[in-house]
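Quick note, the working numbering runs 741 ahead of the 1-based positions in the sequence shown. In this text, a Cβ means the ideal position worked out from N, Cα and C, and glycines have one as well.
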Amino acid sequence: MDAPELTATEHRLLDNIDAHGWQSMHVFDPELARPNFTYSIGFTETLNAPEFIVFGLHRDVMHDMLSDVFRQIKAGRKVEGEQRWQGLVDGHDCIAKKADHADLFTDYVTWANWYWKHRGNKGHPGIIQLVWPGQIDGLFPWDEGCAQAVIDAQPRLWA
């Protein structure tokens, strides 16, 4: 049986990963019922690392965060469990947490999952959620006293 032909979008995604090593996918809910988010596609292939997802910031900021993660891993940084990532947002560290949510591959990282399977892999790719703290108080969503806006902007995809 012949493989199905790729769509223009699929070709563009593959071309971007070939050219740059990865692509970011930004998802925006026009109804504002869910926070916007951006995730990587191609880290698994290019870096032999998990894909990353970040929520609730401006799309350019989230793209830059993922781009910096890509550069750090490419330069030799290892991705291990729960980690602090410095320099991704001004003045604060981010925490990386392994994402493990029932709807992760159907509602969030659909294109990363498509790419994983397109490359012949079984199961699903590893996904790491970058969690940022409140800009003023530096509190993370799990910290007592964290601003509700910071909590609401970052769905808890980690276990």
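From Ser781 to Asp893, what does the alpha carbon distance come to, in whole angstroms? Ser781 and Asp893 have their C-alpha atoms roughly 22 Å apart.
In chain order, what residues of the same chain lie with their CB nearer than 8 Å to the CB of Glu786, ignoring the 5 residues before and after it? Ile758, Tyr856 and Arg860
Using the Cβ count rule (16 or more neighbours within 10 Å means buried), how would you classify Asn854? Of the other Cβ atoms in all chains shown, 16 or more fall within 10 Å of the Cβ of Asn854; this residue is therefore buried.
Does DSSP put Ile877 in a helix, a strand or coil? coil
Going by beta carbon distance, what residues of the same chain come within less than 7 Å of Leu845, once the five residues before and after it are set aside? Excluding residues within five positions, the ones whose Cβ falls inside 7 Å are Ile868 and Leu898.
Residues of its chain near Ala917, where Cβ-Cβ distance is below 6 Å and the 5 sequence neighbours each way are ignored: With the chain represented from 742 up to 900, any question about residue 917 goes unanswered, as that position is not in the structure.
DSSP beta-bridge partners for Cys901? In the structure displayed, the chain extends from 742 to 900; residue 901 sits before or after that span and is not available.
For the candidate residues Ile836, His804, Asp805 and Gln813, whose alpha-carbon lies nearest to that of Gly822? Ile836
Three-state secondary structure (DSSP) of Ala890: helix
Distance, Lys838 Cα to Val802 Cα: 19 Å
Using the Cα positions of Arg818 and Gln824, report the straight-line distance between them to the nearest angstrom. Those two C-alpha atoms are separated by around 11 Å.
For the ligand FAD, any of its heavy atoms closer than 7 Å to the Cβ of Cys887? Questions concerning the ligand FAD fall outside what the structure shown contains, since it holds no ligand whatsoever.
Please classify Thr764 as buried or exposed, where buried requires at least 16 other C-beta atoms within 10 Å of its C-beta. A quick correction: the sequence has Gln, not Thr, at residue 764. Its Cβ being crowded by 16 or more others within 10 Å, Gln764 is buried.
Going by Cα to Cα distance, which pick from Val891, Leu773, Arg753 and Thr779 is closest to Met806? Answer by Cα proximity: Thr779.
On the criterion of 16 or more Cβ atoms from any shown chain inside 10 Å, does Gln876 qualify as buried, or is it exposed? Result: exposed.
Would DSSP call Glu751 helix, strand or coil? helix
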